[in-house]
Amino acid sequence: MCFPIFHAWLTLLFFRLCAVTLRSRPSLVYCASRTARTASLLSAAPQLTQRDETSLEKNMSTKVAVVTGSNKGIGLSIVRALCKQYQGDVYLTARDTGRGQEAIESLSSEGLKAMFHQLDINDLNSITTAAAFFKDKYGGVDVLINNAGIAFKGGDDDIMSTLPPSLCLSVSSGADTTAFAVQAEVTLKTNFFATRDMLTHFLPIVKAGGRVVNISSFVGARTLNQCSPDHQQRFRSEDITEEELVGMMQQFVDEAKRGEHKKGGWPDTAYGMSKTGLTTLSMIHARQLSKERPNDGILLNACCPGWVRTDMAGPKAPKSPDEGAITPVYLALLPPGATEPHGKFVSDKEVQPW
Ligand code: NDP
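Residue numbering for the sequence shown follows the numbering used here, starting at 5 and increasing by one per position.
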């Protein structure tokens, strides 16, 4: 009597078990391939569909390189080289969206595909918006190249002023007559303080295995030797902190404004001082990374691209922008597992004395 009922119940149970197994199988396979990072991301957004999750997963595993000030000059050439050599998305960034889009189109006409994001390093809001974008879309950045920079043309503070007169004579005509105090404040604002802001907001999102390259200059290395012995000792010391360095850079600007920078032990070059500061900052950050993220294998260096024909350095320079990109790109693409260079100043792919 009970057998037909029992049989019907067994059949129902069998089909329910099949349905549950079939429903759960794809998600089991999917979960097995998740990294810890995406798992925590998914738990923060439980409302996502599996399709959303899959596309996020894809982005999170896509590598990404970001270059500041890359609508022209050396920055544009760095993006060009990365488009050819880097296995990941390459972001050309510019403070002006129009100039950035034009650069994207010029690369596109060469058959190269770069992506664009607005980024003005003098605008903190622009920096934090960009950092949030890369964190959300890619889980951080794999390569960061701080290239954006400025220089006043001509006069004592020109980028060329430390070169032999025969080389810089023609480019020094039409020297900028802006007061040194203004040059000091404006140059350090972009080249040192704004680049530091970039690093403050982007270093925490540099992924394990990441590469950070700060475009400094041989002028910064020469300027170091023109500082007072006390300043030189601090710039070169292993125990200088970021706060102390920021204080020194601010002291230079303040004393330049009062016309007292020479008495304070600083040379007459705002551009040079900005790059001395940037190279020193790179060394401080590299030491911090080694201490605070010892297992992440991040390599951070400063470099000089050489003397390069750009709007900044003029037409007499020996290197083309693509040649200027070689050392920055070499540092950006140091192979996985490499342990050096790290915290160095590099030129022509060689570590330079500091
Ligand atoms: P360019 O003047 O050709 O290019 C500078 C780039 O930086 C431009 O894209 C410019 O944008 C951008 N930039 C300036 N300020 C900002 C900002 N606030 N936010 C975002 N982008 C900004 O110079 P180079 O290509 O010659 O220089 C590139 C880097 O290389 C600089 O850091 C420079 O100091 C360094 N360098 C250059 C040497 C050379 O010989 N050329 C030698 C040694 C170092 P925009 O078009 O909007 O002005």
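The beta carbon of each residue, even a glycine, is placed where N, CA and C say it ideally should be. Note that this is a predicted model, so its numbers are computed, not measured.
Only buried fits Gln187, as 16 or more other CB atoms lie within 10 angstroms of its CB.
Within 6 Å of the C-beta of Val312 there is at least one heavy atom belonging to the ligand NDP. In the three-state reduction of the DSSP assignment, Cys231 falls in the coil class. Proximity of the beta carbon of Ser221 to the ligand NDP is indicated: a heavy atom of the ligand is located closer than 6 Å. For Lys295, the number of other beta carbons within 10 angstroms of its own is below 16, and it is reported as exposed. Inside the region 80–113, DSSP marks whole beta strand (DSSP E) runs of 3 or more residues at positions 93–98, from first to last along the chain. Each of Val217, Gly153, Asn75, Met119 was checked against the Cα of Lys353, and the nearest Cα belongs to Val217. Lys88 and Pro208 have their C-alpha atoms some 27 Å from each other. Looking at the DSSP output, Arg215 sits in a beta bridge with Val147, Leu303. When secondary structure is reduced to three states using DSSP, Phe120 falls in the strand class. In this structure Lys279 is buried. Its beta-carbon is surrounded by 16 or more other beta-carbon atoms within 10 angstroms. A Cβ-Cβ contact shorter than 7 Å links Val350 with Asn305. Look at Ala317: its beta carbon is less than 6 Å from one of the heavy atoms in the ligand NDP. Contact between Ile244 and Ile78 is absent: CB atoms are separated by about 28 Å, not below the 8 Å threshold.
Bounds of the alpha helix (DSSP H) holding Val250 are 246–261. An exposed status is given to Ala342, since fewer than 16 other beta-carbon atoms sit within 10 Å of its beta-carbon.
Relative to the ligand NDP, the beta carbon of Ala152 is positioned inside 6 Å of a heavy atom. The residues Ile244, in chain order, have a CB closer than 6 Å to that of Arg238 in the same chain once the five nearest residues on each side in sequence are set aside.
Secondary structure at Phe222: helix, using DSSP grouped into helix, strand and coil. When DSSP states are grouped into helix, strand and coil, Lys139 belongs to the helix group. When distances are taken from the beta-carbon of Thr194 to the heavy atoms of the ligand NDP, the shortest one is below 6 Å.
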